[in-house]
Amino acid sequence: MKKLISILLFLISFSFVHAQCSTEVQVDTVSVLPNGDVIIGWEPSPDAGILSYDIYSLNPLTGANDSIDATNTTTFFYVIPFDTIQKYQITQIGVVANCGVGIGISPLTFFYNTIKLNQQIDICNASVNLTWNAYTDFASGVNVLYHVFVSVNGGGFQFVGSTNSLSYKYEGLVVGTNYQFFVRAEENNGGGPFTTSSNLVDVSGNFLKNPTFLYLYTASVQDSSNIMVQFYVDTAADIRNYNIKRALSSDMSYSVVGSVNDYNGMDPLLEFFDEEVDAKNNSYVYQIEAVNQCNQTKITSNIGKTVQLSAIPDKLSSTNKLDWNYYEGWKGNVFEYQIYRQSKNDVNYNLIATIPASFTQNTFTDNVANEIQGTGEYCYKILAVEKNTVHVDNLPTATSYSNEICVKHEPSLYIANAFEPLSEFNSTFKPSAILFELSTYLFVIYDRWGQKVFETTDREVGWNGKFNNSGNNLPMGAYVYVVQFKSNNDEEFQKRGTVTLIR
């Protein structure tokens, strides 16, 4: 009986001695697999008599060591299923060598963290900010280099960059593209040999879409204080508003003069009416900016330069000289300039000439000597017409009106200073070349003593040298004439002079 007890005590003593493993297990990696499982790997322990490697987790709620599983002595890695990690909120894992049969194990003094990778999309810059916790569990120390990998639309992972920091900015995300990222930590500042990998994070390219085009279709003068700006936009883009910028063509200093907000279902051809202009005396240059929700200007349009028209009347030649600047900014450039004129008694403008844009000077002289209708006032507009060109969404060729400019001719009278009733060419005396319609007309002749010898209210009737054109022939000599008339817009005119009657 004593011998049996001694043997038993010896066995117990022998077992107790060999339960204490002398070397701590060296874990070389704790990585997250693509499916979310966690794999932990370690170096074989040099201790003899190891019965198993036991895997523990640190309970985040109680701080206790919770047993997960045990492996045999020839296995040096263990995979923890994702659902187990999620269920027990496992973030720290340890491995201990078991050198006894349930009597004692080497003390568990060190746990290993996984790398938790997080992502935050920056929609304003089409980028993603990747952040992660430090991995400090390499035996070689904390000199760790982190490598970033990306998979695009399920393709193979590609290396995109390395950093010693705990963040990385990946730029150039494309709308509609799906991305996956993971980070691999490598010891000895990338020298290895051991590494550990983070979890995967998914990034969807669901962020602000930039416009692919923005076209200023036309800038056209409506009247001297109103210019219409039309521009064509990419409605598929994520834009908050469109800023309308304006500059005087003389100084090209832009300022924002208005804005058009973007909204769902809007017509891509937008309009803005600028009512703080002086289009008669200035040419303006417009440009459009597309601004997104991040207050970033994502695209700027072409320019649109309005046509400013000026006119100078020439009384002696009965002409009006027109001058205008080129329209600028169209994709197809200018094909021609159409010149329109309106007299005051006309309801509509009438096309009077077409000038090819290839002319070196934008000028035109309008001869109004034969325009006897109206009041002597003429108004003009120029219509710039774009060349045929292919526009986005098959927009038609554009046009742009200039300002309206009006000029007025005073009555242009030709009155001879002598006439001979018996002459074949100059037998009557009357004013001629009155350029516009009259509401009243009076033509009177006086002799040297102030006696009225002729009077008419018919502008087609002249004096034939007789008393009231039917009496006796009046003697040769100097006579005084008076011409009085009123235009259709009630403007009064009068001219006096002398004429010599020759016989």
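Residue numbers (numbering that gives the first Met the number 0): 0 to 502. Ideal placement from N, C-alpha and C gives every residue a C-beta, glycine not left out. All of these numbers come straight from a predicted model, not from anything done at the bench.
Contiguous beta strand (DSSP E) elements confined to the stretch 341 to 372 occur at 349 to 355, 362 to 366, taking only those with 3 or more residues. By the Cβ rule, the stretch 184 to 192 does not count as touching the stretch 267 to 286, because fewer than three pairs are nearer than 8 Å. Each of F137, I354, V367 was checked against the Cα of L382, and the nearest Cα belongs to I354. Here DSSP, grouped into helix, strand and coil, assigns V460 to coil. One thing to note: W323 has its Cβ within 8 Å of the Cβ of N361. If you check the CB distance, L247 and I404 do not come in under 8 Å. Taking each of V149, N344, Y339 in turn and checking the Cα distance to I351, the smallest one comes out for Y339.
Note: Q118 is bridge-paired with L129 in the DSSP secondary-structure output. By the Cβ test, the stretch 188 to 205 is in contact with the stretch 141 to 149, since at least three Cβ pairs between them sit closer than 8 Å.
Rounded to whole angstroms, the separation of the alpha carbons of P267 and E376 is 41 Å.
The beta carbon of Q483 lies closer than 6 Å to those of L441, Q493 in the same chain, with the five residues before and after it left out. Distances from the alpha-carbon of P192 to those of T28, L50, A235 put T28 closest.
Following the DSSP letters along the chain, one finds G189 inside the alpha helix (DSSP H) bounded by residues 186 to 189. Contact check between the stretch 199 to 211 and the stretch 232 to 241: three or more CB pairs, one atom from each, fall below 8 Å, which counts as touching. The beta strand (DSSP E) runs lying completely inside the stretch 392 to 433 and spanning 3 residues or more are 398 to 400, 404 to 407, given in chain order. Just measuring C-alpha positions, the residue of S342, N291, C98, D53 sitting nearest D365 is S342. Assigned with DSSP and collapsed to three states, D27 falls in strand. Under DSSP, V149 takes part in a beta bridge, and its partners are Q157, F180. Counting along the chain, the unbroken beta strand (DSSP E) around R495 starts and ends at 491 to 500. If the five residues before and after K168 are omitted, its C-beta is found closer than 7 Å to the C-beta atoms of S126, N128, all from its own chain and listed in chain order.
Excluding sequence positions up to five before and after I67, its CB lies within less than 7 Å of the CB of I54, Y55, S56, I79, all in the same chain and listed in chain order.
Using a Cβ-Cβ distance cut-off of 8 Å, the stretch 247 to 264 and the stretch 280 to 299 are in contact, since at least three pairs of beta carbons, one from each stretch, lie closer than that value. N152 is a Cβ neighbour of T176, given a cutoff of 8 Å. Here D46 carries a coil assignment [DSSP, helix/strand/coil]. For D53, the secondary structure class from DSSP, reduced to helix, strand or coil, is strand. Shown here, N468 sits in a helix according to DSSP, grouped into three states. L412 sits close to P430, with the two beta carbons spaced by under 8 Å.
In this structure, the CA atom of V406 is about 23 Å from the CA atom of Y283.
According to the DSSP assignment, Y262 belongs to no beta strand (DSSP E), since it is labelled neither H nor E.
Remark: three or more beta-carbon pairs, one from each stretch, lie closer than 8 Å, so the stretch 413 to 429 and the stretch 460 to 470 are flagged as touching. Short of 6 Å from the beta carbon of T388, and not among the five residues preceding or following it, lie these beta carbons of its own chain, in chain order: K330, G331. The residues V143, L144, Y145, N188, in chain order, have a CB closer than 8 Å to that of N163 in the same chain once the five nearest residues on each side in sequence are set aside. Put simply, the backbone Cα of E409 is about 8 Å away from that of K314.
With contacts defined by Cβ atoms closer than 8 Å, V228 and A218 form a contacting pair. In this structure, the straight-line span from the alpha carbon of G449 to that of A415 is close to 20 Å.
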